[in-house]
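**Student:** Residue numbers (our numbering): 398 to 503.
1) By the 10 Å Cβ neighbour count, where 16 or more other Cβ atoms means buried, how is residue 426 classified, buried or exposed?
2) Out of curiosity, what's the CA-to-CA distance linking residue 457 and residue 472?
3) Residue ranges of each beta strand (DSSP E) run of no fewer than 3 residues wholly in the segment 419–491, ordered along the chain?
4) Should the segment 458–471 be called in touch with the segment 440–448, which here means at least 3 C-beta pairs below 8 angstroms?
5) What residue does the alpha helix (DSSP H) around residue 411 start on, and which one ends it?
6) Let me make sure I understand the geometry here. Which of 422, 433, 413 has the alpha-carbon closest to that of residue 398?
Dropping the structure here:
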């Protein structure tokens with residue numbers, strides 16, 4: 398449905414106004430970026446990205462109202478997950494080499 402890569406693609410389309418430029422910034426081909434956009438547009442009830450063909454007048458892409466809402470909800474989910482798991486993340490980080498020792502009795 399939607400993960401970090403697709404969310405990043407949506408954000409870059411929003412920021413650049415272009416599927417091609419968004420894909421280029423992410424190191425992917427236009428074809429790959431377009432396929433991901435089509436996948437997202439098909440997965441959701443309403444399309445997330447609206448695009449206009451290129452040519453003399455230029456093309457472009459923009460997030461639809463649904464696209465903006467999905468991107469906002471995704472960011473909120475990530476934020477809540479980070480806050481809910483902060484203690485566990487700190488414990489995992491402490492277990493890394495070079496991290497502070499947080500085990501009992503030490």
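The beta carbon of each residue, even a glycine, is placed where N, CA and C say it ideally should be. Note that the structure is a prediction, hence the values are computed from the model and not measured.
**Tutor:** A quick look at the data gives this:
1) Along the chain shown, read from residue 1 onward, the residue named residue 426 stands at position 29. Per the 10 Å Cβ criterion, exposed.
2) In the chain shown, residue 457 corresponds to position 60, counting from 1. In the chain shown, residue 472 corresponds to position 75, counting from 1. Distance between the alpha carbons of residue 457 and residue 472 is about 24 angstroms.
3) 446–449, 457–460
4) yes
5) As a first step, residue 411 is located in the chain shown; it is residue number 14 there, counting from the start. Run containing residue 411: 401–413, per the alpha helix (DSSP H) assignment.
6) As a working note, residue 398 is residue 1 in the chain shown. Comparing Cα-Cα distances from residue 398 to each of 422, 433, 413, the minimum goes to 433.
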